[in-house]
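Just below is one structure, and these are the notes that go with it.
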Amino acid sequence: PLWLWEVHNHINVKLVEAKLKSSNIVASNNELNTALWPSMEQCPQCKSGDKWDTRAVIAHLKKEYWPKGVQNFRFIVLKKKDGPEHSSSNRSNLTENLIFFAGSAIFVMWCSKKQKRHNKQHIV
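Positions 685 to 808 (this note's numbering) are the ones given, in order, by the sequence shown.
Quick look at the structure:
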């Protein structure tokens, strides 16, 4: 359920690496950790060493983006629905999620290729 948060952090790390690499600087772990969200200052219980506590991250996301609670569960589903009565809606949700994920993956690949072409132009 946290794949978007994971992708967000992954992209932030890649952006820091690319920025430092363009200056011929190798990114340290400390510099890469500054790209991760939430930071230790924002959510001390979200990370212990190198391991994320996903329950704490979910709680922090709820507190950060929905401080008054989720008002419309049609748009944001934070808990899996159980039971056969939801099987048709689960299939449509799965289809929507797969389409969104595929579109996001295509977009990330397109951006990556564009960045590679951009970097090659500057090398020549």
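Where a beta carbon is used, it is the ideal one built from N, C-alpha and C, also for glycine.
Ordered along the chain, which non-local residues of its own chain (more than five positions away) have a Cβ less than 7 Å from that of Glu725?
none
Cα-Cα, which of Ala702, Glu780, Asn714 is closest to Ser796?
Ala702
Please report the distance separating the alpha-carbon of Ile709 from that of Gln799.
18 Å
Verify whether the separation of the beta carbon atoms of Cys730 and Asp737 is less than 7 Å.
yes
When the distance is taken between beta carbons, is Ala711 closer than 7 Å to Leu837?
Past the edges of the chain, shown from 685 to 808, lies residue 837, and the structure says nothing about it.
Coil, strand or helix - Leu762 by DSSP:
Reliability fails at Leu762, whose pLDDT of 49 lies under 50, so the model's placement of it is uncertain and no value is given.
Throw me the rounded Cβ distance for the Pro722 and His744 pair, which I believe falls under 8 Å.
5 Å
Have a look at the DSSP bridge pairing and note the partners of Lys731.
Trp736
Where His770 falls, given that 16 or more other Cβ within 10 Å makes a residue buried:
Caution applies to His770, whose pLDDT of 49 falls short of 50 and renders its modelled position unreliable; the model cannot decide the point.
Secondary structure at Glu690, three-state DSSP: helix, strand or coil?
helix
Kindly indicate which residue of Asp734, Trp687, Trp689 has the alpha-carbon position closest to the one of Asn713.
Asp734
Taking 7 Å as the cut-off, decide whether the C-beta atoms of Leu716 and Val697 are in contact.
yes
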